[in-house]
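Heads up: the sequence lines are chains G and C, in that order. Numbered per numbering that gives the first Met the number 0, the first sequence spans residues 0 to 257. Numbered per numbering that gives the first Met the number 0, the second sequence spans residues 0 to 257. Ideal Cβ positions, reconstructed from N, Cα and C, are used throughout, including at glycine.
Number of protein chains: 2
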Amino acid sequence: MAKRPLILVTNDDGITAPGLRTLIHVMNSIGDVVVVAPDSPQSAMGHAITINSTLHVEKVTIDDGPQTEYSCSGTPADCVKLAVREVLKRKPDLCVSGINHGSNSSINVIYSGTMSAALEAGIEGIPAIGFSLLDYNWSANFKHCKPFVKTIASNVLENGLQDGVVLNVNIPNVEKDAIKGVKICRQARANWEEEFDKRTNPMGRDYYWLTGKFVNMDQGEDTDEWALANNYISVVPVQFDLTAHHAIQKLNTWNFES
Amino acid sequence: MAKRPLILVTNDDGITAPGLRTLIHVMNSIGDVVVVAPDSPQSAMGHAITINSTLHVEKVTIDDGPQTEYSCSGTPADCVKLAVREVLKRKPDLCVSGINHGSNSSINVIYSGTMSAALEAGIEGIPAIGFSLLDYNWSANFKHCKPFVKTIASNVLENGLQDGVVLNVNIPNVEKDAIKGVKICRQARANWEEEFDKRTNPMGRDYYWLTGKFVNMDQGEDTDEWALANNYISVVPVQFDLTAHHAIQKLNTWNFES
């Protein structure tokens, strides 16, 4: 790529999140960066979009650096839509989302605002990557992520991605030297065993907090969960064609006469 | 199935929506129905879940009928989680979501609260179907949907669904006699060409409304868009393993040394 690539950066933890600041810093070293990120945290928003209320977008300066930044009142998917249609002068060469504070491996991809932004970019035909670190703390240490984020993003800029595919990258929360490398994986079969913490408010009305335990039901060594447990960075190619093609043949034997 | 099946009914348009009332009516004819649905419209919520605020669930009576009903302050995915963990005494035999006021065909599956509920049930190991009618109006006529909804739900109860697969059913907005039948399909490759309607508020600040035009880029005759355009009911088997397995081999040739 002769000229510097145009890179759209977003996330779901909000525009001031340390993980986003790290991602901007890395992307500044490989391209021209425009940030369009939510003005407040949007975790677990799934692929929500804003259709029944208005959207605001505002140019802001959060810290030093060559990037241009916009704060947006919407969801991560809204940010990408607004960036592409209203903010950017041309289609970006790459969209990166994150670095998320917390895992988006296995079934978490379904609930993830970080990955929702990447998927939205993919739907728009833009090569896209979601990055997540396995540490939920706001003060998480992202330093060891930097070289890997740069390498993976550079590979996508160099090689492109197949139509309809975006990357879901998760990074173990360990020292740089402990990371064994990057592993291409499939999404592990896992779920959350929810437990609702039931309480009573001062007015005597019951309410719940959603809590739960993550359960990996997948013994495979080609999954993202296996890779992360073994100190590899997991890269899962993710698609937004949700068709279960393998199920079509059997469904065609059903009788739908009514 | 010797005893009457237990059927969980939910939606994303809210507990008073006519589409939900139709679905309850049909399900009462084939099983014991428990409704856990959002107390307000949740369209375009994607697969959002509520983790940073509290959830309320309340037993309510909306209309006559043998069903038991609960109104929930959360998203469609929250409703399913709460139903399974707190409301129902046993795992339901079927979860149905809808009937949505408006299409959830092709790429709309990604933004759909209706399908989010069905997917959440699928993740919990419950056979699940999302139903949608191609009419956005609150006063849409759901009458012609009834026999098809009953037949499809009965098939799922009879035959089960493969692990990790839920059904996305869309129904054309035409007279019953015009419907040519039920067609098993794949998700069409389509997207939304968004246009943001930019306005200025009385305080002089710019804001946007998200609008757009649906574009079907898929010429295939095995897609949901083709089926619906030709007056078939489309049934797409949908999966929540998002892995793009076909992309793994090529990614393994990349160089991730950093």
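Quiz item: So Ala152(C) packs on Ile29(C), CB below 8 Å; how close in whole Å?
Solution: In the second sequence, residue 152(C) corresponds to position 153, counting from 1. In the second sequence, residue 29(C) corresponds to position 30, counting from 1. Confirmed, Cβ separation roughly 6 Å.
Exercise. Determine the extent of the alpha helix (DSSP H) in which Asn154(C) is found, giving its start and end residues.
Key: Residue numbering aside, residue 154(C) sits at position 155 when the second sequence is read from its first letter. Element bounds for Asn154(C): 145 to 158.
Quiz item: Looking at the C-beta of Arg84(G), does it have a partner C-beta in chain C at a distance below 8 Å?
Solution: As a first step, residue 84(G) must be located in the first sequence, where it is residue number 85. By this cut-off, Arg84(G) is an interface position.
Quiz item: How would you write the range of the alpha helix (DSSP H) that Lys88(C) sits in, first residue to last?
Solution: Against the second sequence, residue 88(C) aligns to sequence position 89. That residue, Lys88(C), is in no alpha helix (DSSP H); it is neither H nor E in DSSP.
Quiz item: What is the rounded straight-line gap between the Cα of Tyr110(C) and the Cα of Ala76(C)?
Solution: For the purposes of this step, residue 110(C) is taken as residue 111 along the second sequence, with counting starting at 1. For the purposes of this step, residue 76(C) is taken as residue 77 along the second sequence, with counting starting at 1. Approximately 13 Å, taken between the alpha carbons.
Quiz item: In angstroms, rounded to a whole number, what distance separates the CA positions of Ser96(G) and Leu132(G)?
Solution: Stepping through the first sequence from its first residue, residue 96(G) is reached at position 97. Stepping through the first sequence from its first residue, residue 132(G) is reached at position 133. Going by the C-alpha atoms only, they are around 12 Å apart.
Practice problem: Please state if the CB of Val155(G) and the CB of Leu87(G) are separated by a distance shorter than 8 Å. | Solution: Counting from one through the first sequence, the residue named residue 87(G) turns up at place 88. Counting from one through the first sequence, the residue named residue 155(G) turns up at place 156. Against a cut-off of 8 Å, the Cβ pair of Val155(G) and Leu87(G) comes out as no contact.
Exercise. For the stretch 222 to 240 of chain G, enumerate the residues whose C-beta is nearer than 7 Å to any C-beta of chain C, in chain order.
Key: Val234, Val235, Pro236, Val237, Gln238, Phe239, Asp240
Practice problem: Pick out the complete alpha helix (DSSP H) segments inside the stretch 211 to 254 of chain G, 4 residues or longer, and give them in chain order. | Solution: 223 to 228, 247 to 250
Exercise. Report the option in Gly211(C), Ile98(C), Asp134(C), Trp137(C) whose CA atom is closest to the CA atom of Ile128(C).
Key: Residue mapping note: residue 128(C) aligns to position 129 of the second sequence, counting from 1. It is Ile98(C) whose Cα lies nearest to the Cα of Ile128(C).
Practice problem: Mind listing the chain G neighbours of Gly18(C)? Cutoff is C-beta to C-beta under 7 Å, in chain order. | Solution: As a first step, residue 18(C) is located in the second sequence; it is residue number 19 there, counting from the start. Those within 7 Å of Gly18(C) in chain G number zero; the least Cβ separation is about 17 Å.
Quiz item: Do three or more CB pairs link the stretch 155 to 172 of chain G to the stretch 218 to 232 of chain G at distances below 8 Å?
Solution: yes
Quiz prompt | Rounded C-alpha distance that separates Ala189(G) from Val214(G) | solution = To locate residue 189(G), count along the first sequence from 1; it is residue 190. To locate residue 214(G), count along the first sequence from 1; it is residue 215. Straight-line Cα distance between these residues: approximately 6 Å.
Quiz prompt | Span separating the alpha-carbon of Leu250(G) from that of Lys182(C) | solution = Counting from 1 along the first sequence, the entry for residue 250(G) is found at position 251. Counting from 1 along the second sequence, the entry for residue 182(C) is found at position 183. Near 9 Å, if we compare the C-alpha coordinates of Lys182(C) and Leu250(G).
Quiz prompt | chain C within 8 Å of Gln66(G), Cβ atoms only | solution = As a working note, residue 66(G) is residue 67 in the first sequence. Not one chain C Cβ lies under 8 Å of Gln66(G).
Quiz item: Measuring CA to CA, which of Cys71(C), His100(C), Asn10(C), His245(C) is closest to Asn136(C)?
Solution: Mapped onto the second sequence, residue 136(C) falls at position 137. The candidate whose alpha carbon is nearest that of Asn136(C) is His100(C).
Quiz item: Per DSSP, Phe195(G) is paired with what?
Solution: Translated into the one-based positions of the first sequence, residue 195(G) becomes position 196. Leu209(G).
Practice problem: May I ask you to list the residues that DSSP assigns as paired with Ile183(C)? | Solution: Within the second sequence, numbered from 1, the residue matching residue 183(C) stands at position 184. The partner list for Ile183(C) (beta bridge, DSSP) reads Val234(C).
Quiz item: My guess is that Ser105(G) and Gln238(G) are in contact by the Cβ rule of under 8 Å, so how many angstroms apart are they, rounded?
Solution: Along the first sequence, read from residue 1 onward, the residue named residue 105(G) stands at position 106. Along the first sequence, read from residue 1 onward, the residue named residue 238(G) stands at position 239. Ser105(G) to Gln238(G), Cβ: 15 Å. No contact.
Quiz item: Cβ of Asn158(G) less than 8 Å from any chain C Cβ?
Solution: Translated into positions along the first sequence, residue 158(G) becomes position 159. Yes, Asn158(G) counts as interfacial toward chain C.
Quiz item: When you check each C-beta in the stretch 35 to 56 of chain C against every C-beta of chain G, which residues fall closer than 8 Å?
Solution: Pro40, Ser42, Ala43, Met44, Gly45, His46, Ala47, Ile48, Thr49, Ile50, Asn51, Thr53, Leu54, His55, Val56
Quiz item: When you compare only the Cα positions, how much space is there between Asp31(C) and Leu160(G)?
Solution: Numbered from its first residue, the second sequence carries residue 31(C) at position 32. Numbered from its first residue, the first sequence carries residue 160(G) at position 161. Distance between the alpha carbons of Asp31(C) and Leu160(G): 48 Å.
Exercise. Report the rounded CA-to-CA distance for Tyr231(G) versus Phe255(C), giving the unit in angstroms.
Key: Your numbering for residue 231(G) matches position 232 in the first sequence. Your numbering for residue 255(C) matches position 256 in the second sequence. Each residue's Cα considered, the two are about 12 Å apart.
Practice problem: Could you say which of Gly18(G), Ile125(G), Gly112(G) lies nearest to Pro4(G) if we only look at CA atoms? | Solution: Locating residue 4(G) in the first sequence gives position 5, where the first residue counts as 1. It is Ile125(G) whose Cα lies nearest to the Cα of Pro4(G).
Quiz item: Does the distance from the CB of Gly73(G) to the CB of Ile23(G) come in under 8 Å?
Solution: On the first sequence, residue 73(G) is found 74 positions in, with the first residue counted as 1. On the first sequence, residue 23(G) is found 24 positions in, with the first residue counted as 1. Not a contact, by the Cβ cut-off of 8 Å.
Quiz prompt | Neighbour-count burial assignment, Asp240(C), 16 or more Cβ in a 10 Å radius | solution = Residue mapping note: residue 240(C) aligns to position 241 of the second sequence, counting from 1. Answer is buried; the Cβ neighbour count reaches 16.
Quiz prompt | Terminal residues of the alpha helix (DSSP H) in which Ile122(G) lies | solution = Position 123 of the first sequence holds residue 122(G). Its alpha helix (DSSP H) spans residues 112 to 122.
Quiz prompt | Contact list for the stretch 94 to 121 of chain G against chain C, Cβ threshold 9 Å | solution = Ile106, Val108, Ile109, Tyr110, Ser111, Gly112, Met114, Ser115, Leu118, Glu119
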